[in-house]
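In this note's numbering, the protein residues as written are 839 to 1379. Right, one structure below, let's go through it.
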């Protein structure tokens, strides 16, 4: 945790009941908050006021008194870590941060839109821990990011890869936010950003949805790229059908509750960078579904059927399943898939105001199915012509519809970034002139020595942000801070307007106080500090 991180609190005895007319964590600091409330009002300033936030966390001036209708502007000495969040009425500590709603939302900021930088992937399972000898072992808390990563100057934040069955392990309407809250609080306390994506698929589908009206479909598939050993056996999995209305209702209901939960704390919500549309998954958050049809007579190797799946439907004589047939018989269609994503993006756009989305594509990620009796079956050529969608048609159509409806809020990204590898074709051909793109390192970039070349490739491709696996970033070696800074510089040069393309990291944040009262705000990055700095804004007639 950086010693010079801002500690900004504007604290007073009460918060005005309704401070309308704005412009634009749960960590608990030690110390007695009663010591913060006795500051006498500062001399009244005529007109607007600027508060300088210094690198050591002190303020100049430490408190201000302004007239109703005046504006306070906070000048941030570290625009990538510092921010402002209001405290609820009567609040005096970081435990009292207000929800992101109404005038509280207007006072919260600056709000990062389409932010740039290096993001680190959390662990999709037990977190990493560094032993005394420097060895990295995977025995930490589920989904954790290391404290070293959160504190590092080499990144802007992390991508929190979540599983639906982590958030809803038991039943509809019952949520467990333990993993999310732990990491979000660390992000906020370190002045960092975080993105979220909630996968279903092999690892993330909650078992209870099949007792809540979702059809249970059994598949056997694997995650390698098409053409690399299509006769591999793969893993059995029970999935829901994203084109089924009940599945859509349950997944979107979870996303709606996720939005409400994050918005319950203005600091949590401000630090959210991107939400990744998901729910149609195989093994990762990437948009893909089981799609292969490997059958007896085509594949000579026989696949053993695990004991738990002996009664699985649709298993042929070789121990394989024709996944496209399963989808076809379940009523899957391309239009149904498009409706799934359109509905989900509508929910995200409505429930995550001032936030942007990053669609993590797989080039040809979806089953080639047109109807119940029209699908790519056993042994058929992958590029067969006819009524079936071509291999990339469904992905391409989702990208185009996302852009038409949501414009610059809709970033497209791909997860196979390697040094010397050309940019994904759909990123190149489907990107709109003002649309942002992003990339995630391939999962074989596990050495620190590889990272600089990988990140440089992403820069050359024009990525706005780049995601890296955590392990190699903890191995020491040459710093990545200059690459993180270059991504920020490029984004700043591209900034325009007051919408999704505006500067995500401005050096100031302003708010016009439209009614009388005492206003308490905090820079959440200080909520883990022993003694937060204090200041007060008093608004008089």
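Think of the CB as a built atom: it goes at the ideal place given N, C-alpha and C, for glycine as much as any other residue. Note that the structure is a prediction, hence the values are computed from the model and not measured.
Proximity below 8 angstroms, CB of residue i to CB of residue j
i            : j            : result
residue 959  : residue 1308 : yes
residue 1203 : residue 1233 : yes
residue 1175 : residue 1237 : no
residue 956  : residue 1358 : no
residue 1435 : residue 954  : The structure shown does not extend to residue 1435, since the chain spans only 839 to 1379, so no value can be given for it.
residue 1387 : residue 1076 : Past the boundaries of the shown model lies residue 1387; the chain is included only from 839 to 1379, so the question cannot be answered.
residue 1119 : residue 1201 : no
residue 1346 : residue 914  : yes
residue 893  : residue 1344 : no
residue 980  : residue 1036 : no
residue 1210 : residue 1245 : no
residue 965  : residue 987  : no
residue 1051 : residue 1084 : yes
residue 1010 : residue 1088 : yes
Which of helix, strand or coil DSSP assigns to residue i
i            : result
residue 1051 : coil
residue 1223 : Its pLDDT being 44, under 50, residue 1223 is placed unreliably in this model, and the value from its coordinates should be taken loosely. Note: residue 1223 maps to coil in three-state DSSP.
residue 1196 : strand
residue 1176 : helix
residue 1342 : coil
residue 1168 : coil
residue 938  : coil
residue 927  : coil
residue 1107 : helix
residue 1269 : coil
residue 1060 : coil
residue 1252 : strand
residue 1319 : helix
residue 914  : strand
residue 1022 : helix
residue 1078 : coil
residue 1132 : coil
For residue j and residue i, the rounded distance between their alpha carbons
i            : j            : result
residue 1375 : residue 1348 : 13 angstroms
residue 1057 : residue 1073 : 8 angstroms
residue 1228 : residue 969  : 50 angstroms
residue 1265 : residue 1138 : 37 angstroms
residue 1158 : residue 1040 : 17 angstroms
residue 993  : residue 929  : 32 angstroms
residue 1125 : residue 1312 : 29 angstroms
residue 1117 : residue 900  : 48 angstroms
residue 1024 : residue 1235 : 38 angstroms
residue 1363 : residue 1107 : 14 angstroms
residue 1016 : residue 1098 : 15 angstroms
residue 1012 : residue 1048 : 16 angstroms
residue 1100 : residue 1033 : 12 angstroms
residue 1290 : residue 1110 : 26 angstroms
residue 1071 : residue 1214 : 18 angstroms
residue 1329 : residue 1302 : 7 angstroms
residue 982  : residue 997  : 11 angstroms
residue 885  : residue 1189 : 36 angstroms
residue 1361 : residue 1029 : 9 angstroms
residue 934  : residue 1326 : 32 angstroms
residue 1305 : residue 1292 : 10 angstroms
residue 961  : residue 1127 : 22 angstroms
Contacts around residue i, its chain only, beta-carbon distance under 8 angstroms, and the 5 residues preceding and following it disregarded
i            : result
residue 1379 : 905, 906, 1354
residue 1140 : 1156, 1157
residue 1223 : Bear in mind that the predicted position of residue 1223 carries a pLDDT of just 44, short of 50, making it too unreliable to give a figure here.
residue 1299 : 1255, 1261, 1265, 1275, 1277
residue 882  : 903, 904, 905, 1378
Residues of its chain near residue i, where Cβ-Cβ distance is below 7 angstroms and the 5 sequence neighbours each way are ignored
i            : result
residue 942  : 924, 936, 1104
residue 1115 : 1179, 1182, 1183, 1186, 1195, 1197
residue 1324 : 1297
residue 991  : 1319
residue 1167 : 1210
Rounded distance between the beta-carbons of residue j and residue i, thought under 8 angstroms
i           : j            : result
residue 952 : residue 1339 : 7 angstroms
Own chain, CB closer than 6 angstroms to residue i, minus 5 neighbours either side, in chain order
i            : result
residue 1254 : 1280
residue 1004 : 1017
residue 1192 : 949
residue 1286 : 1310, 1313, 1315
Residue i CB to nearest heavy atom of the ligand ADP below 7 angstroms
i           : result
residue 989 : The ligand ADP is absent from the structure shown, which contains no ligands of any kind.
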